[in-house]
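In our numbering, the protein residues as written are 5 to 325. Below: one structure, written as structure tokens.
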């Protein structure tokens, strides 16, 4: 019943112009626009079919506009998200850089602390080494002559005997005693006697090698162990020491001169005690006794001389293992 009756109106507002030619308008709507689209206000009745097509087209355009608007909004949202992500990335990189700087500064501080602690520990070690040397000196070095004490000398002598047995090398020992030393103390006093003892120790140092063992055996008696030294070499060294002492003046004030007597013996691992069950301690004691016997012989023969006694001819100490 709506076939021939007006069912709607179309309004065209001033300045609206014609519809876009690309739009799919019904022919009746196009014709309507051609006849009435003069820019003036008007209102006309249109057939229902035209009205329905117009509504449909309007709805399509509205939907398309809504879709475009939505896509545009989504695009803007993505752009804002990308901007935020980029900003977040920048902030993250900056934060990482700051954190790295902080860690670096922390490591530098830690390294400085460790270096300071290491320096302190080194100082402590040096101080401890100094204390150890001081204690060792008190226990093993004679204060007056700065030679080994008797106990320290005997330990070193034992080590050298062990090495001589392993290498098959000779080892010799000298016993040195100042002649008439008691007269020096009685005549000039113990102060001058100490000067003489220091002087004799100096002559021993001047005429021996760095690896030789020098000790103060007791009183005015000294001992020298000569590793890798046979009878002839030991006799040469002993004679040089004796002459050096004889020609020295030990007190400038008193023009004091003294002499010394020296006894020698030598151990040859390849020949001595090979058939006897002796140990190193027995050999050490035996060499000491034989060298002391040679020293006594030098004094008995007139002092200021060197005497040698071989182990075969000397006294053999207790040889029990």
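For each residue, glycine too, the CB sits at the ideal point set by N, CA and C.
Is residue i helix, strand or coil when you go by DSSP?
| i | result |
| --- | --- |
| residue 293 | helix |
| residue 313 | coil |
| residue 157 | helix |
| residue 288 | helix |
| residue 271 | strand |
| residue 152 | strand |
| residue 282 | coil |
| residue 43 | Any reading at residue 43 is ruled out, since the residue's pLDDT is 41, under 50, leaving its predicted position unreliable. |
| residue 27 | Since pLDDT at residue 27 reaches only 48, below the 50 mark, its modelled position is unreliable, and the value read off the structure follows with that caveat. In the structure shown, residue 27 sits in coil (DSSP, three-state: anything other than H, G, I, E or B). |
How is the alpha helix (DSSP H) around residue i delimited, first residue to last?
| i | result |
| --- | --- |
| residue 237 | 235-250 |
| residue 260 | Element bounds for residue 260: n/a, residue is neither H nor E. |
| residue 181 | Note, residue 181: premise wrong, no alpha helix (DSSP H); beta strand (DSSP E) at 175-182. |
| residue 189 | 185-192 |
Residue i to residue j, Cα distance in whole Å?
| i | j | result |
| --- | --- | --- |
| residue 276 | residue 312 | 16 angstroms |
| residue 219 | residue 125 | 35 angstroms |
| residue 257 | residue 204 | 17 angstroms |
| residue 134 | residue 143 | 14 angstroms |
| residue 67 | residue 57 | 15 angstroms |
| residue 112 | residue 130 | 27 angstroms |
| residue 212 | residue 281 | 33 angstroms |
| residue 176 | residue 192 | 35 angstroms |
| residue 114 | residue 107 | 10 angstroms |
| residue 289 | residue 251 | 33 angstroms |
| residue 221 | residue 161 | 13 angstroms |
| residue 166 | residue 301 | 29 angstroms |
| residue 116 | residue 104 | 18 angstroms |
| residue 158 | residue 314 | 20 angstroms |
| residue 214 | residue 163 | 16 angstroms |
| residue 199 | residue 121 | 47 angstroms |
| residue 305 | residue 296 | 14 angstroms |
| residue 156 | residue 270 | 21 angstroms |
| residue 189 | residue 201 | 11 angstroms |
| residue 101 | residue 109 | 12 angstroms |
| residue 138 | residue 132 | 10 angstroms |
So, at 8 angstroms on beta carbons, what are the nonlocal neighbours of residue i in its own chain, with the 5 sequence-adjacent residues on each side left out?
| i | result |
| --- | --- |
| residue 169 | 273, 284 |
| residue 207 | 245, 248, 249, 252 |
| residue 152 | 144, 145, 146, 160, 217, 218, 219, 220 |
How would you write the range of the beta strand (DSSP E) that residue i sits in, first residue to last?
| i | result |
| --- | --- |
| residue 225 | 225-231 |
| residue 219 | 217-222 |
Quick one: measure Cβ to Cβ for residue i and residue j, integer angstroms, because I've assumed they're closer than 8 angstroms.
| i | j | result |
| --- | --- | --- |
| residue 229 | residue 216 | 6 angstroms |
| residue 183 | residue 239 | No, residue 183 and residue 239 are not in contact; Cβ-Cβ is about 19 angstroms, not under 8 angstroms. |
In chain order, what residues of the same chain lie with their CB nearer than 6 angstroms to the CB of residue i, ignoring the 5 residues before and after it?
| i | result |
| --- | --- |
| residue 266 | 178, 180, 242, 246, 310 |
| residue 232 | 173 |
| residue 185 | 224 |
| residue 260 | 254 |
| residue 209 | none |
Return the chain-ordered list of same chain residues with a C-beta closer than 7 angstroms to the C-beta of residue i, the five sequence neighbours on each side being excluded.
| i | result |
| --- | --- |
| residue 307 | 183, 263, 265 |
| residue 148 | 198, 201, 202 |
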